[in-house]
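S.K.: Before I ask anything, here is the structure I am working with.
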Amino acid sequence: MKAAPFAYAKPGSLREAFALLERHGDRAKLLAGGQSLIAALNMRLATPSILVDLTAIPGIDGIQLRGDHLAIGALVRHREIERSELVAKHAPLLSQAAPHIAHVAIRNAGTIGGSLAMADPAAEWPACCVALEAHIVAASPKGERRIPATKFFKSLFTTALAPREIITAVEVPVAGANTRSAFLELVRRRGDYAIVGLAAHTQLERGALTRLRLVYLGVGDAPVSAAGAMEKLEGKRATPEAIAAAQAALEQDLSPAADLTHSAATKLHLARVLLGRALAALVT
Amino acid sequence: MDEFFEATITVNGKAVTRRVQPRQHLIDFLRDELGLTGSHTACEHGVCGACTVRIDGQIRRGCLMLAVQAHGCSVDTVEGLTDSGELGALQQEFHERNALQCGFCTPGMLLTAQELVATQPDATREEIRDFMSGNLCRCTGYQSIIDAIEEVIVTRRKGAQP
Ligand SMILES: Cc1cc2nc3c(=O)[nH]c(=O)nc-3n(C[C@H](O)[C@H](O)[C@H](O)COP(=O)(O)OP(=O)(O)OC[C@H]3O[C@@H](n4cnc5c(N)ncnc54)[C@H](O)[C@@H]3O)c2cc1C
Ligand code: FES
Ligand code: FES
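Protein chains in written order, with numbering that gives the first Met the number 0: chain L, 0 to 283; chain R, 0 to 161.
Here it is in structure tokens:
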């Protein structure tokens, strides 16, 4: 299908973008990589009257190491993250997750800011950002605020962003010598949205899992932290008993809804399988 | 809202300037305005890969990009990359192995495969499958396509050895 008509503007600064949002209100839509928005326009799921293309705004792209965190600009493409040596070194969870996002032609265009704003519960970046305890930087005419990723994803396609806020960057704490991470997901075909996925992150202290974060995608309205499983494993070694206890705890942690091809019970089973594999990966 | 924008796009090495409506997709611009019908459209929401074109050296979905977004960009299509000979080895191998039947998916397959050959010259069969996952074919069953790409990669690797 073809998109309904709309106007188009390409502001050269955040200030110009805010002015456009002010003028057009809810009828304006921000455009980044377009890999979700243009598909929605084509299917006429969205019919904005104007698109505000963010890609000419300076200062909201690029990947930089800034002290204890990595700052990734909102316009950074999935593929750039996948191939970045800085990311591989300082935020390996993101390098592990990137190849699971869609297909190369889409990763060449889609941006991390767009993915976070979209907040698809089966998307990779939201779960990774929660697991890494990243901060999402959002700008508005009033200034800038840093929103913890753990508080950013509210529900299906819904975030803590105020109506006219623009994501400018995401700040990811840099990995230390003991940081271990694993990203796993199950799909029918490479690049599809996850049936179930898991972003796992820990500090390995003499073989024990500490500050463990287990965040699932594809099992709820937003990324889901498996609080019970994390508690069972915190400070412990990944022994068969500890793993089994954590897998059992997932029953309380997750209440996945069935999708077209997988029952809720199947999804829960797959979540347990992924937990076993992720723990094995974290400690080896 | 019949606003038009003037877009200058370098298509297969030649700059063209046209007035475009914001809602016009790049793929429709190439096909309908420039008569470059080698790139196809099918799903029009990013799933099939038939519309794959190259923007500033990287493959993209032509149906998920507006013509206005391509202003100032360099766009290559299967026509241009055939004329330049860049796709020659892949085309030869697709032909040898019957890696196409109706041919609808082929331009997208070739552009995607060419990016793989260029960026991952050591790709394994499994990596070829992953890389090609975004291109659907309703005819061949994929084996011959993967075989053809693998052959090109293996041949290049042999050629590169001293
Ligand atoms: C076939 C297909 C398969 C896909 N598979 C996956 C997958 O497996 N996993 C996955 O994670 N994604 C997948 N995607 C989506 C893809 O990753 C998108 O790139 C991403 O969801 C949106 O990023 P974008 O830059 O393309 O944003 P756009 O499409 O341009 O925008 C998306 C939304 O975010 C808003 N927005 C964009 N940038 C900002 C900003 N800086 N501040 C505030 N709001 C903003 C827009 O207004 C819009 O509402 C798939 C897409 C397709 C077409
Ligand atoms: S027509 Fe563009 S991906 Fe199918
Ligand atoms: S050859 Fe017919 S779709 Fe691939």
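Glycine is no exception: its CB is placed at the ideal position from the N, C-alpha and C atoms.
Hey, quick one: how far does the beta strand (DSSP E) through F17(L) stretch, first residue to last?
M.R.: That residue, F17(L), is in no beta strand (DSSP E); its alpha helix (DSSP H) goes 13-23.
S.K.: Cβ closer than 8 Å: which chain R residues qualify as neighbours of V136(L)?
M.R.: Residues of chain R passing the Cβ test: none, with the nearest at roughly 25 Å.
S.K.: With DSSP run on the structure shown, which of helix, strand or coil describes I58(R)?
M.R.: Strand.
S.K.: Mind checking whether G196(L) and L216(L) have CB atoms under 8 Å apart?
M.R.: Cβ distance < 8 Å, so G196(L) and L216(L) count as in contact.
S.K.: Is L29(L) helix, strand or coil by DSSP?
M.R.: Strand at L29(L).
S.K.: Taking S132(R) as the query, report the chain A residues whose CB atoms sit under 8 Å from its CB, ordered along the chain.
M.R.: The chain labelled as chain A is not found among the protein chains of the depicted structure, namely L and R.
S.K.: Might you give, ordered along the chain, the residues of its own chain that have their beta carbon closer than 8 Å to the beta carbon of P255(L), omitting 5 neighbours on each side?
M.R.: Cβ neighbours of P255(L) beyond the five flanking positions: V195, G217, V218, G219, A263, K266, L267, A270.
S.K.: Q34(L) versus chain R: which residues are under 7 Å apart at the beta carbon?
M.R.: Chain R residues near Q34(L): G45, L63.
S.K.: Check each candidate in L53(L), A3(L), T260(L) and name the one with the smallest Cα separation from V186(L).
M.R.: Nearest C-alpha to V186(L): T260(L).
S.K.: Considering P255(L), what are the terminal residues of the alpha helix (DSSP H) in which it resides?
M.R.: Per DSSP, P255(L) belongs to no alpha helix (DSSP H) and is neither H nor E.
S.K.: Taking C-beta to C-beta, are K28(L) and P47(L) nearer than 8 Å?
M.R.: Cβ atoms of K28(L) and P47(L): closer than 8 Å.
S.K.: Given 7 Å as the limit, tell me if C128(L) has its C-beta closer than that to any heavy atom belonging to ligand 2.
M.R.: Every heavy atom of ligand 2 is 7 Å or more from the Cβ of C128(L), so no.
S.K.: Flag D119(L) as yes when its Cβ comes closer than 7 Å to any non-hydrogen atom of ligand 5, and as no otherwise.
M.R.: Among the ligands present in this structure, namely ligand 1, ligand 2 and ligand 3, ligand 5 is not found.
S.K.: Our contact map puts A104(L) next to T9(R) with C-beta atoms below 8 Å; I'd like the distance itself, whole angstroms only.
M.R.: Actually they do not touch by this definition, with Cβ atoms about 19 Å apart.
S.K.: Give me the chain L residues within the contact set of G12(R), using Cβ-Cβ distance strictly less than 9 Å, ordered along the chain.
M.R.: In chain order: nothing, as chain L lies at least about 20 Å away.
S.K.: According to the Cβ coordinates, are C62(R) and C50(R) closer than 8 Å?
M.R.: Cβ distance < 8 Å, so C62(R) and C50(R) count as in contact.
S.K.: Under 9 Å between beta-carbons, which chain R residues line up against A108(L)? List them in chain order, please.
M.R.: The answer, in chain order, is I54, Q57, R59, R60, L63, M64.
S.K.: Is there at least one non-hydrogen atom of ligand 1 closer than 7 Å to the beta-carbon of Q202(L)?
M.R.: The answer is no for Q202(L).
S.K.: Would you say A38(L) reaches chain R, if we count a Cβ-Cβ gap shorter than 8 Å as a contact?
M.R.: Yes, A38(L) counts as interfacial toward chain R.
S.K.: Does the distance between the C-beta of E43(R) and the nearest non-hydrogen atom of ligand 2 fall short of 7 Å?
M.R.: Checking the Cβ of E43(R) against ligand 2 gives yes.
S.K.: Anyone know if the C-beta pair for A245(L) and L203(L) falls short of 8 Å?
M.R.: Not closer than 8 Å, so no.
S.K.: Run down chain L in chain order and give the residues with a C-beta less than 7 Å from the C-beta of V67(R).
M.R.: Within chain L, the residues near V67(R) are Y7.
S.K.: Just checking my contact of R205(L) with F17(L) at CB under 8 Å: how many whole Å lie between their CB atoms?
M.R.: That belief does not hold up - the Cβ atoms of R205(L) and F17(L) are roughly 51 Å apart, past 8 Å.
S.K.: Which residues does DSSP pair with I166(L) in a beta bridge?
M.R.: Paired residues: A137(L).
S.K.: Does the stretch 68-77 of chain L touch the stretch 88-103 of chain R, meaning 3 or more C-beta pairs lie closer than 8 Å?
M.R.: In short, these stretches do not touch, since the Cβ pair count stays below three.
S.K.: If you pair each beta-carbon of the stretch 137-145 of chain L with each one of the stretch 145-160 of chain R, do three or more pairs fall below 8 Å?
M.R.: No: the two stretches stay apart, fewer than three of their Cβ pairs being nearer than 8 Å.
S.K.: Contact defined as beta carbons within less than 8 Å: I believe R59(R) pairs with G45(R). What is the distance between those atoms, to the nearest angstrom?
M.R.: At roughly 10 Å, the Cβ-Cβ gap does not stay under 8 Å, so R59(R) and G45(R) are not in contact.
S.K.: G48(R) versus chain L: which residues are under 9 Å apart at the beta carbon?
M.R.: H102, A104, listed in chain order.
S.K.: Considering just the uninterrupted stretch of the alpha helix (DSSP H) at L81(R), what are its terminal residues?
M.R.: The sequence shown places Thr at residue 81(R), not Leu. Run containing T81(R): 77-82, per the alpha helix (DSSP H) assignment.
S.K.: List the DSSP bridge partners of E5(R).
M.R.: For E5(R), which the question treats as bridged, DSSP gives the partners R18(R).
S.K.: Determine, for E149(R), whether the minimum Cβ-Cβ distance to residues of chain L falls below 8 Å.
M.R.: Cβ-Cβ to chain L under 8 Å: no for E149(R).
S.K.: Using a beta-carbon distance below 8 Å, is L50(L) in contact with chain R?
M.R.: So, interface residue.
S.K.: Would L64(L) and I80(L) qualify as a contact pair, given that the criterion is a beta-carbon distance under 8 Å?
M.R.: Cβ atoms of L64(L) and I80(L): not closer than 8 Å.
S.K.: So with CB distances below 9 Å, who are the chain R contacts of K1(L)?
M.R.: Chain R residues near K1(L): R22, Q23, H24, D27, E43.
S.K.: Roughly how many angstroms lie between the CA atoms of A162(R) and R189(L), to the nearest whole one?
M.R.: Because chain R in this structure spans residues 0 to 161, residue 162(R) falls outside the shown range and cannot be described.
S.K.: Can you tell which of Q251(L), A176(L), T283(L) has its C-alpha closest to the C-alpha of R236(L)?
M.R.: Of the listed residues, the one whose Cα sits closest to R236(L) is T283(L).
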